[in-house]
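Per numbering that gives the first Met the number 0, the sequence shown starts with residue 0, numbered consecutively. Using N, Cα and C, we set each Cβ at its ideal position, and we do this for glycine too. Okay, so here's the structure we're looking at.
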Amino acid sequence: MGLDMWLMSGNDKKAKELMYWRKANQIRNWIVTQANADKDTNVTCELSKVELNALLIDIKSVLDDNSMASRLLPTQNGFFFGSTDYDNYYFAELADTLKNLKPIVTNMAEDDKLTYTEWW
0 MGLDMWLMSG NDKKAKELMY WRKANQIRNW IVTQANADKD TNVTCELSKV ELNALLIDIK
60 SVLDDNSMAS RLLPTQNGFF FGSTDYDNYY FAELADTLKN LKPIVTNMAE DDKLTYTEWW
């Protein structure tokens, strides 16, 4: 059990998994805040290229200056959401997200939207 998160392209019948996160509560918190969604429920929302670029910028800023972590990408408590420490796992998750998300965003058309969904 735990926080499982996906970034998908396409519609329900032809959806393709582009990214998967496990207990990356800092990423979830950023996305849920951007979507203005209820943090206490499972969230599904669309994310634009502009929004995903903003996430990449915040990740890069935190990786360049770790002291920015709690301001730009704060952790989030939750049942089975994982650690809320700003530790090696936290920063490794950001580095992995940057590495894998950057080519996805680069290849998006300006008007494309991807779907974020989660289960916990």
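| residue 95 to residue 59 span [Cα, whole Å] | 11 Å
| query | When you compare only the Cα positions, how much space is there between residue 24 and residue 77? | reply | 8 Å
| Residue range of the unbroken alpha helix (DSSP H) whose run includes residue 50 | 48-63
| Can you tell me the Cα-Cα spacing of residue 48 and residue 31, whole angstroms? | 16 Å
| message | My output table needs one value for residue 113: the three-state DSSP class, helix, strand or coil. | response | strand
| Just curious, the alpha helix (DSSP H) that residue 98 is in, first and last residue? | 87-105
| query | Counting along the chain, where does the alpha helix (DSSP H) carrying residue 69 start and finish? | reply | 68-71
| task | Answer yes if the region 33-49 comes into contact with the region 109-116, meaning at least three C-beta pairs across the two stretches below 8 Å, and no otherwise. | result | yes
| Thinking C-alpha only, which one of 13, 41, 65 is nearest residue 87? | 65
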